[in-house]
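The sequence shown begins at 1 in full-length UniProt numbering and counts up by one.
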Amino acid sequence: SRDPGTWSGASARAMWPGLEALPWRWAGGAALALGLALEALALLVRGWRRRRAPRREVLFFPSPVTCTAALLGEPGPAPCLCPLPHGDSPLARLLRRLLSARRSLELCLFAFSSPQLGRAVQLLHRRGVRVRLVTDSDYMVLTGSQIGRLRHA
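Structural data, given as structure tokens:
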């Protein structure tokens, strides 16, 4: 007196011939390998997203005056011998971040008068990085503005 809703081995064999011939160990191993591969893929995607996540850092200006020649110059055999401090500063961190651009750089500045930023943008342009700069037209002619210098680059 079996319940008609339950499966028996005989009915399963009738529905799927060759079920007994299936090597269950291989099927279990394949299922395990597929599960591990999907888990590894999920970890890789998560890691890729983390690396591509935007960095958020607050920099305060005006920055203490420090030497940025090592960041903006060609690598040389001797360290810079200028009298300025060679420590980290907000400007140095900003320059490092800008110089890490590989494909494009977009800057939106009210006034662009920093020679160090101008030099960094020129270096990126020479490396083939696409640079887009948005600035206030009234401040383009400001004394010390780097816009004219960049237009000639």
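Using N, Cα and C, we set each Cβ at its ideal position, and we do this for glycine too.
Secondary structure remark: continuous beta strand (DSSP E) runs of at least 3 residues inside the segment 46 to 71: none found. Distance check between residue 123 and each of 73, 39, 135 places 73 closest, using alpha-carbon atoms only. Annotation: the continuous alpha helix (DSSP H) that includes residue 149 extends over 147 to 151.
For a cut-off of 8 Å, the C-beta gap from residue 117 to residue 146 is around 7 Å, short enough to register as a contact.
It is roughly 53 Å from the alpha-carbon of residue 104 to the alpha-carbon of residue 25. Per the Cβ contact rule, the segment 28 to 36 is not in contact with the segment 55 to 65 (fewer than 3 Cβ pairs under 8 Å).
Of all C-beta pairs linking the segment 82 to 93 to the segment 63 to 70, three or more are shorter than 8 Å, placing the two stretches in contact.
With respect to residue 95, residue 120 sits close: the two C-beta atoms are nearer than 8 Å.
Within the same chain, 107 come within 6 Å of residue 133 by CB-CB distance, once the 5 residues on both sides are set aside.
For residue 39, DSSP records no beta bridge to any residue. Apart from sequence neighbours up to five positions away, the residues of its chain that approach residue 140 with a beta-carbon distance below 6 Å are 147, ordered along the chain.
Comparing alpha-carbon positions, the option among 102, 111, 113 lying closest to residue 129 turns out to be 102. The beta carbon of residue 136 lies closer than 7 Å to those of 110, 111 in the same chain, with the five residues before and after it left out.
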